[in-house]
Amino acid sequence: MLAMALKELRQLARDRRTVAMMVILPVVLLVVFGYAARFDIDKVSTIVAGPAAETVKTRLPSQLDVVATHTDWGRDQGVDALRRADATVVVLADPQHPAILVDGANLFGAQSVLRGLAGQPSLPKPEVLFNPTLATSVVMVPGLMGMILVFIGTVATSLGVVRERQSGTLEQLAVMPFRPRDVFLGKILPYFGVAIVDLVIVVFAGLWIFGVPFNGSPWIFAIGAVLFLFVALGMGVLISTVSENQGQAIQLAIMTLLPQILLSGLIFPLDSVAIGVRWIGYLLPLTYFVQIARGVMVRAAPFDSLLVPMGMLLLLGVIVFGLSVLRFGRDLAPAGSGGSHGPNPASQPEAAA
Amino acid sequence: MSGWRGRTADDRLTGWGVDRITVRYRATRALDGVSLGVGEGAVTAVVGADGAGKTTLLRALVGAVRPVSGRVRRPDKRRTGYVSAGPGVYGDLTVNENLSFVARAYGVSGAAGRRRIEELLEATELVAARGRLVGLLSGGMRQKLALAMAIVHRPELLVLDEPTTGVDPVSRAELWRLIGELAADGTAIALATTYVDEAERAASVLVLLRGRTLASGTPDSIVSAVPGELYGLAAASRNPLAWRRAGAWRQWSPDGSAPPGARLIDPDLEDALVIAQLEVEAGTGANGEVAA
Numbered sequence: 006m007l008a009m010a011l012k013e014l015r016q017l018a019r020d021r022r023t024v025a026m027m028v029i030l031p032v033v034l035l036v037v038f039g040y041a042a043r044f045d046i047d048k049v050s051t052i053v054a055g056p057a058a059e060t061v062k063t064r065l066p067s068q069l070d071v072v073a074t075h076t077d078w079g080r081d082q083g084v085d086a087l088r089r090a091d092a093t094v095v096v097l098a099d100p101q102h103p104a105i106l107v108d109g110a111n112l113f114g115a116q117s118v119l120r121g122l123a124g125q126p127s128l129p130k131p132e133v134l135f136n137p138t139l140a141t142s143v144v145m146v147p148g149l150m151g152m153i154l155v156f157i158g159t160v161a162t163s164l165g166v167v168r169e170r171q172s173g174t175l176e177q178l179a180v181m182p183f184r185p186r187d188v189f190l191g192k193i194l195p196y197f198g199v200a201i202v203d204l205v206i207v208v209f210a211g212l213w214i215f216g217v218p219f220n221g222s223p224w225i226f227a228i229g230a231v232l233f234l235f236v237a238l239g240m241g242v243l244i245s246t247v248s249e250n251q252g253q254a255i256q257l258a259i260m261t262l263l264p265q266i267l268l269s270g271l272i273f274p275l276d277s278v279a280i281g282v283r284w285i286g287y288l289l290p291l292t293y294f295v296q297i298a299r300g301v302m303v304r305a306a307p308f309d310s311l312l313v314p315m316g317m318l319l320l321l322g323v324i325v326f327g328l329s330v331l332r333f334g335r336d337l338a339p340a341g342s343g344g345s346h347g348p349n350p351a352s353q354p355e356a357a358a
Numbered sequence: 304m305s306g307w308r309g310r311t312a313d314d315r316l317t318g319w320g321v322d323r324i325t326v327r328y329r330a331t332r333a334l335d336g337v338s339l340g341v342g343e344g345a346v347t348a349v350v351g352a353d354g355a356g357k358t359t360l361l362r363a364l365v366g367a368v369r370p371v372s373g374r375v376r377r378p379d380k381r382r383t384g385y386v387s388a389g390p391g392v393y394g395d396l397t398v399n400e401n402l403s404f405v406a407r408a409y410g411v412s413g414a415a416g417r418r419r420i421e422e423l424l425e426a427t428e429l430v431a432a433r434g435r436l437v438g439l440l441s442g443g444m445r446q447k448l449a450l451a452m453a454i455v456h457r458p459e460l461l462v463l464d465e466p467t468t469g470v471d472p473v474s475r476a477e478l479w480r481l482i483g484e485l486a487a488d489g490t491a492i493a494l495a496t497t498y499v500d501e502a503e504r505a506a507s508v509l510v511l512l513r514g515r516t517l518a519s520g521t522p523d524s525i526v527s528a529v530p531g532e533l534y535g536l537a538a539a540s541r542n543p544l545a546w547r548r549a550g551a552w553r554q555w556s557p558d559g560s561a562p563p564g565a566r567l568i569d570p571d572l573e574d575a576l577v578i579a580q581l582e583v584e585a586g587t588g589a590n591g592e593v594a595a
């Protein structure tokens, strides 16, 4: 038994990445969980609209954080602002038809507003839009679709290149007439097809089983989903290019999945996450997919209101693609495509013979 | 004694090859000023012990590693074939699927691709195994498939890293038949091997020791240039210049003097390679160093 334990210890000591993960990850998770696991929302972004906006604004409870006032707006503009996620609450300061409109897609924000305004009889009864019953499934299911795709996509593709490396076929690819981008795109294309099928199944399951509405344009959702899948699958390939074996690849994939679940706004509202760790959420693709999926499915958000998350997914896609191609370039074409080659003092081979 | 190492491959580079290349893996110098010429229609063998630098040399030749100095002359990737030590076949694909993948990658597609795959399946006697998963094939069959995959596009330069290691004698013979046919068709072939009998079949041989050239030339030129004399011993010997081969003892005498009771014998390539290594390790060479 001791001989076995000693052998395991020696192997573990050589696998520095695993040791680092075992030691550092619990600390990181504790800190991130500690700062991220908050459902409380102290302030709710609010737009005050209508002729009496300037007067009403000063009388609102401090919980409603007024970000804009529009004296020329009516109900339609207010609803449109909520649809675009410009604010969580729109207070219509119209003496004839006063109203407080609340975005039901922002579940925790809306619940906080309802609780806060419950003891304020002078204010009109809040009207919850898009998710009138404040059903959790309506808000969670669109985001969960992204989480499922990230699980399937990133983990599956993270094994792709490392499997070639371990079986010796990467060496073969290096001498074949492939460009690094051919390998990247060729690697993710089949998974892309499978993930699209997965997505369709998950969307229909969400609609039928949980009664989640699909209020917006399927095309906008599709564009967001394609961009998101490209990043999620690309991250898997990138992980694969930096991993020496399948164990490392899986570990790295899990390390990218955990923060996405905790810091993407999927479970904990991003607004309530401490700013010290919130920025991590802005680097994660699931954050933007959650915004797009909830926006399109629940609020029927128009395309131009989703340009920021779409653009961020595009940017992340370009970064992941660029880094993967660079890594592939190192593995696949260290000495160019052929012909007569002299030395390159700046580039030294690192792989073992 | 000096000059016994043949110099044909080093000095008269023709066709493809490498010229005085040095390759480093971080702090380790894997190859140090090594040259190799690979002639058209000929087999060039690279021999040496494990860690001698054979794989690194072949990887440099196909462009999988970049030397820090020296020159590599190789055709475009589309005209190069390579069988790595791996051997680089997909175990979870069938024989046919492996061949189709490589054929497509090299642009040998459509009817021409199908014809070429048939040709290769017949040549490698893998027709009956075409639908089988490669992971379930024997080592010899996998190596034949790897060779077929490397030549699907009819390369001008074919580089084989120990294609017969771990392969049974019958499969070895079949692989050599294929290699011989390819050379006869004009393909320039460089192969690494740990088997001296395979090196003897090559038109030229490069012997590596710890990343440096130990000897090079035709097998005959390497053998004929052995310095000193080789003797067969009647009994076992502890002399550092003696070794056991095929049940009998041999001893190299750098100055030609005969050990007591020994009989003079003609060295073959295996003897020549042992003597070359002994010469370097015993420091009895011209400078106590390997030749460049």
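The listed protein sequences correspond, in order, to chains A and B.
Going from the first sequence to my numbering is simple: count from 1 and add 5.
Going from the second sequence to my numbering is simple: count from 1 and add 303.
Ideal Cβ positions, reconstructed from N, Cα and C, are used throughout, including at glycine.
Predicted model, so just to flag it, every value in this text is computed and none were measured.
Test: residue i CB closer than 8 Å to a CB of chain B
i: A/Ala73; result: no
i: A/Thr174; result: yes
i: A/Glu355; result: Bear in mind that the predicted position of A/Glu355 carries a pLDDT of just 35, short of 50, making it too unreliable to give a figure here.
Residue i Cβ short of 7 Å to the ligand SAM heavy atom set
i: A/Phe135; result: Questions concerning the ligand SAM fall outside what the structure shown contains, since it holds no ligand whatsoever.
Residue i - DSSP class collapsed to helix/strand/coil
i: B/Thr359; result: helix
i: B/Leu544; result: coil
i: A/Trp224; result: helix
i: A/Pro147; result: helix
i: B/Gln554; result: strand
i: A/Leu257; result: helix
i: A/Ser248; result: coil
i: B/Gly469; result: coil
i: A/Val217; result: coil
i: B/Gly513; result: Looking at the sequence provided, one finds Arg at residue 513 of chain B rather than Gly. Reduced to three states, the DSSP call for B/Arg513 is coil.
i: B/Val349; result: strand
i: A/Ala356; result: At A/Ala356 the pLDDT is 35, less than 50, meaning the model places this residue with poor confidence; the figure from the coordinates comes in the next sentence. Residue state, collapsed to three classes: coil.
Within chain C, partners of residue i - CB distance below 8 Å
i: A/Phe183; result: Looking at the structure shown, chain C is missing, and the protein chains on hand are A and B.
Beta-carbon proximity of residue i to residue j, cut-off 8 Å
i: A/Val49; j: A/Leu65; result: no
i: B/Val337; j: B/Arg515; result: yes
i: B/Leu567; j: B/Gln554; result: no
i: B/Gly384; j: B/Ala453; result: yes
i: A/Ala92; j: A/Ile52; result: yes
i: A/Leu268; j: A/Gly158; result: no
i: B/Ala502; j: B/Val462; result: no
i: B/Leu450; j: B/Leu481; result: yes
i: A/Pro131; j: A/Leu119; result: yes
i: B/Tyr409; j: B/Val455; result: yes
i: B/Ser519; j: B/Tyr534; result: no
i: B/Val346; j: B/Arg504; result: yes
i: B/Leu517; j: B/Gln580; result: yes
i: B/Leu460; j: B/Val371; result: no
i: A/Val150; j: A/Gly229; result: Note on residue identity: the sequence assigns Met, not Val, to residue 150 of chain A. Going by C-beta atoms, A/Met150 is not nearer than 8 Å to A/Gly229.
i: A/Val180; j: B/Gly564; result: no
i: A/Met3; j: A/Tyr293; result: Here chain A comprises residues numbered 6 to 358, so residue 3 of chain A is not present and cannot be evaluated.
Chain A within 8 Å of residue i, Cβ atoms only
i: B/Arg315; result: With a pLDDT of only 43 at B/Arg315, under the threshold of 50, the placement of this residue in the model should not be trusted; the figure read from the coordinates follows. Taking Cβ atoms only, chain A never reaches closer than 8 Å to B/Arg315, which makes this a no.
* Check each residue of the stretch 379 to 394 of chain B: if its Cβ is closer than 9 Å to any Cβ of chain A, include it; give the result in chain order. => Per Cβ criterion, the list reads Asp379, Lys380, Arg381, Arg382, Thr383, Gly384, Tyr385, Val386, Ser387, Ala388, Gly389, Pro390, Gly391, Val392, Tyr393, Gly394.
* Asked: Are the stretch 480 to 490 of chain B and the stretch 405 to 422 of chain B in contact at 8 Å, needing three or more beta carbon pairs?
  -> The answer is no - the stretch 405 to 422 of chain B does not touch the stretch 480 to 490 of chain B, with fewer than three Cβ pairs under 8 Å.
* To do: Mind the definition here: the stretch 93 to 100 of chain A touches the stretch 303 to 320 of chain A only if three or more C-beta pairs lie below 8 Å; say whether that holds.
  => Contact between the stretch 93 to 100 of chain A and the stretch 303 to 320 of chain A is absent: fewer than 3 CB-CB pairs across the two stretches fall below 8 Å.
* **the stretch 269 to 288 of chain A / the stretch 164 to 175 of chain A touching (three or more Cβ pairs under 8 Å)** => The stretch 269 to 288 of chain A vs the stretch 164 to 175 of chain A: no contact.
* Do the stretch 244 to 264 of chain A and the stretch 134 to 147 of chain A meet, that is, are 3 or more Cβ pairs less than 8 Å apart? -> With the rule of 3 Cβ pairs closer than 8 Å, the stretch 244 to 264 of chain A does not count as touching the stretch 134 to 147 of chain A.
* Asked: Between the stretch 327 to 339 of chain A and the stretch 172 to 186 of chain A, do three or more beta carbon pairs fall short of 8 Å?
  -> By the Cβ rule, the stretch 327 to 339 of chain A counts as touching the stretch 172 to 186 of chain A, because three or more pairs are nearer than 8 Å.
* Would the stretch 475 to 484 of chain B and the stretch 321 to 331 of chain B be scored as touching if the rule is three or more Cβ pairs under 8 Å? -> The stretch 475 to 484 of chain B is not in contact with the stretch 321 to 331 of chain B.
* Asked: Just checking, does the stretch 231 to 242 of chain A make contact with the stretch 152 to 165 of chain A on the three C-beta pairs under 8 Å criterion?
  -> With a cut-off of 8 Å, the stretch 152 to 165 of chain A and the stretch 231 to 242 of chain A count as touching, because enough Cβ pairs lie within range.
* Would you be able to state if there are at least three C-beta pairs under 8 Å between the stretch 390 to 403 of chain B and the stretch 429 to 437 of chain B? => A contact exists between the stretch 429 to 437 of chain B and the stretch 390 to 403 of chain B.
* To do: Mind the definition here: the stretch 171 to 181 of chain A touches the stretch 123 to 135 of chain A only if three or more C-beta pairs lie below 8 Å; say whether that holds.
  => Output reads no: the stretch 123 to 135 of chain A does not touch the stretch 171 to 181 of chain A.
* Asked: Does the count of Cβ pairs from the stretch 204 to 213 of chain A and the stretch 242 to 256 of chain A closer than 8 Å reach three?
  -> Too few Cβ pairs lie closer than 8 Å, so no.
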